[in-house]
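S.K.:
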Amino acid sequence: MKKFSIIIPTYNQLPLLKRALESVLHQQDADYEVIVTDDSDNEDIATYIQSIGNQSVKYFYHKSTGRAADNWNFGLSKAEGQYVIVMHHDEAMASSNHLSLMAQALTDADVAIADIEVMNGGKQSSRWLSHLTRKLCCKHPECLFLQNAIGPTACIAFKRDQLQSFNPNLKWLVDIEWYYRLLKGKRVTICKRCKIQSTHGHAEQISQQLDIMQAFSQDKAIICQTHGNAVRLMLWLYEHLILGTKRLLRRI
1 MKKFSIIIPT YNQLPLLKRA LESVLHQQDA DYEVIVTDDS DNEDIATYIQ
51 SIGNQSVKYF YHKSTGRAAD NWNFGLSKAE GQYVIVMHHD EAMASSNHLS
101 LMAQALTDAD VAIADIEVMN GGKQSSRWLS HLTRKLCCKH PECLFLQNAI
151 GPTACIAFKR DQLQSFNPNL KWLVDIEWYY RLLKGKRVTI CKRCKIQSTH
201 GHAEQISQQL DIMQAFSQDK AIICQTHGNA VRLMLWLYEH LILGTKRLLR
251 RI
């Protein structure tokens, strides 16, 4: 059994996939398998994976269903490692000792959370609010519905026996709802020395393609039905404080 299963779901963006994959292949003192699940509408990524000839990198084609999370869950179903990370093609590990540090962090925890660097247009953006709220969200994961203090999915590594599938019916809050289930009642640690670089603003970024208000409304109904009062207040606050403010600013 490999120590880590790194799942990279991808769609078309070969340059981003290369960067994500290279950040894993450069890991030192790490035992891992990389699972690339590809629902692209061309063969560029399949051809590239074949060309590198690395037995640690496993390629799986996934016929697109129109729901991104189906491809993510397909990758999770292939994981065989002791620990699992879901790293989208627009994310990358910032250092070559990321996996070894995360393995240490998981010795006495079910879930480990790395820090994040957001890159937008080649510039690094600050996530200071996340640092102030992250510990609170680890203890009370329902707070994540008000503020995503974690970042992208690659910031989380978890023991495979704690695996949770994504809810493919969700769109805007699919990662947050997944975090909520992963963290609730678990032993969670924060690995401050680990960082994930996340690239924002590219054409295939899911949040660039959504009608956020419509997606939130649909997700809210599903999540409230599933989790009930445990998350209802946070969703109400998010809708009226965060989304309400964004609507107001757009009118100014």
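When we follow full-length UniProt numbering, the leftmost residue of the sequence shown carries the number 1, and every step to the right adds one.
Even for Gly, the Cβ is constructed at its ideal location relative to N, Cα and C.
Just so we're clear, the structure is a prediction, and the values are computed from it rather than from any experiment.
With DSSP as the reference, label alanine 68 as helix, strand or coil.
M.R.: Walking along the sequence shown from the start, residue 68 turns up at place 68. If DSSP states are grouped into helix, strand and coil, alanine 68 belongs with the helices.
S.K.: Out of Lys2, Thr107, Ile45, Val34, point me to the one whose CA is closest to proline 15's CA.
M.R.: For the purposes of this step, residue 15 is taken as the residue at position 15 of the sequence shown. With distances taken between Cα atoms, proline 15 lies closest to Ile45.
S.K.: Look up histidine 202 in the DSSP assignment and say whether it is helix, strand or coil.
M.R.: As a position in the sequence shown, residue 202 is number 202, starting the count at 1. Residue confidence is low: histidine 202 scores 49 on pLDDT, short of 50, so the model does not pin down where it sits. Its coordinate-derived value is still stated next. Three-state result, histidine 202: coil.
S.K.: What is the C-beta distance between proline 9 and histidine 88, in whole angstroms, given that I count them as a contact (C-beta under 8 Å)?
M.R.: On the sequence shown, residue 9 is found 9 positions in, with the first residue counted as 1. On the sequence shown, residue 88 is found 88 positions in, with the first residue counted as 1. About 6 Å separates the two Cβ atoms, so the contact holds.
S.K.: When burial is assigned at 16 or more other CB atoms within 10 Å of the CB, is lysine 246 buried or exposed?
M.R.: In the sequence shown, counting from the first residue as 1, residue 246 sits at position 246. Exposed is the call here.
S.K.: So for threonine 197, helix, strand or coil by DSSP?
M.R.: Numbered from its first residue, the sequence shown carries residue 197 at position 197. With the sequence shown as reference, residue 197 is identified as glutamine, and threonine is not the correct amino acid for it. In this structure, glutamine 197 counts as strand in the three-state DSSP scheme.
S.K.: Return the CA-CA distance between tyrosine 238 and glutamine 147, expressed in angstroms with no decimal places.
M.R.: Here residue 238 is taken as the residue at index 238 of the sequence shown, counted from 1. Here residue 147 is taken as the residue at index 147 of the sequence shown, counted from 1. Taking the straight line from one Cα to the other gives about 8 Å.
S.K.: Quick check on DSSP: helix, strand or coil for proline 9?
M.R.: As a working mapping, residue 9 is identified with position 9 in the sequence shown. In the structure shown, proline 9 sits in a strand (DSSP, three-state: E or B).
S.K.: Out of Ala94, Thr65, His62, which one is the CA nearest neighbour of glutamine 27?
M.R.: Taking the sequence shown and counting its residues from 1, one reaches residue 27 at position 27. Out of Ala94, Thr65, His62, Ala94 has the C-alpha closest to the C-alpha of glutamine 27.
S.K.: Exposed or buried, tyrosine 61, counting other C-beta atoms within 10 Å across all chains shown (16 or more means buried)?
M.R.: Locating residue 61 in the sequence shown gives position 61, where the first residue counts as 1. So tyrosine 61 ends up on the exposed side.
S.K.: According to the neighbour-count rule (16 or more other Cβ atoms, all chains shown, within 10 Å of its Cβ), is arginine 64 buried or exposed?
M.R.: The sequence position of residue 64 within the sequence shown is 64, counting from 1. In the sequence as presented, arginine is not what sits at residue 64; that position holds serine. Looking at its Cβ environment, which holds fewer than 16 other Cβ atoms inside 10 Å, serine 64 is exposed.
S.K.: Give the single residue among Lys3, Tyr32, Ala112 whose Cα lies nearest to the Cα of cysteine 155.
M.R.: Walking along the sequence shown from the start, residue 155 turns up at place 155. When each option's Cα is compared against that of cysteine 155, the closest is Ala112.
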